[in-house]
Structures are given as structure tokens and as C-alpha cells.
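Contents: one structure, followed by commentary.
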Amino acid sequence: MTFVLIGCAGCHVPALVTGFKRVSALNLKIVQAYTDLLLHDMGPDLADICLGTARPAEYRTEPLMGLRFKTALLHDGRASSIAAAIRLHGGEAVRARNRFLALSLAQRSALLRFLRGL
């Protein structure tokens, strides 16, 4: 799958598993959230706010679950499309961004179609 091969899954981990819970509905459930819930350096072009102990360029990986319902992307809504949001990734994500940009038109279209389905 292109999403994994170009490195998106390094931060946007496809599935997380809940911990041990007494409530069976929450016990060891797989959640396809497409996030690792960790802070990552997104580069100086996105650095503008600090929350908690995060540095200005650090953001918690946005879950891609429900992406199909979003019309404005990134922390400040500056990206109006998934492709635009990917192009703005920097810092730790620059290699994945560059691999996305290097995809053929058909590969890129397929990946964007996949993401629009989340």
C-alpha cells in the first residue's frame, strides 16, 4: 500500500489497540485512527503556536479517521485539500512528503482516493 510505502504510516499509524478495560466494548479494541497520538516536528513553515510543552513546530499527529468529513485541514485550516496539506508537511515528514510528490499521477490519485475514503 502506497500510504505505508512512502512513509505516511510512520506517524499516521493505521490502527491502535485499546488497553485492558473492564467494559468489554472498550477492551482490546482495534481503532483505525491513523495516528500515533505523539508530537512531531512539522517544520518551520507550520510553526506558529505552542500548546503545553510542545515547541512551535511540534504538533500531535492528527487522526485521519473521519478525514472525508473535513473541509479545512492542518491545525489552522490553511489547506483546503488533502494534497495541499501533504505538500505543507515539513520537519520529520519531509521525506514522506517528497515521496508523495515523486509518485506518478496514477499513484498519487489512488492514494488521495484512499485518504478521501477515511
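Residue numbering for the sequence shown follows our numbering, beginning at 7 and increasing consecutively.
Note that CB positions come from ideal geometry on N, CA and C, so glycine has one too.
Legend entry - Close-in-space but distant-in-sequence residues of the same chain around Gly-8 (CB under 8 Å, 5 per side omitted): For this step, residue 8 is matched to residue 2 along the sequence shown. Rather than Gly, the amino acid found at residue 8 in this sequence is Thr. Excluding sequence neighbours, Thr-8 sits near Leu-109, Gln-113, Ala-116, Leu-117 and Phe-120.
Inset, instruction - Could you round the C-beta distance between Thr-3 and Glu-68 to whole angstroms and report it? I think they count as a contact, below 8 Å. - result: The displayed coordinates of the chain run from 7 to 124. Any statement about residue 3 would go beyond what the structure contains.
Inset, instruction - Check Glu-68 in the structure and name its three-state DSSP category. - result: Translated into the one-based positions of the sequence shown, residue 68 becomes position 62. In the structure shown, Glu-68 sits in coil (DSSP, three-state: anything other than H, G, I, E or B).
Legend entry - DSSP state of Ile-12 mapped onto helix, strand, coil: For the purposes of this step, residue 12 is identified with residue 6 of the sequence shown, where counting begins at 1. In the structure shown, Ile-12 sits in coil (DSSP, three-state: anything other than H, G, I, E or B).
Inset, instruction - Take the Cβ of Leu-111 as the centre, count every other Cβ of all protein chains shown within 10 Å, and call the residue buried at 16 or more, exposed below. - result: Position 105 of the sequence shown holds residue 111. With fewer than 16 other Cβ atoms within 10 Å, it is exposed.
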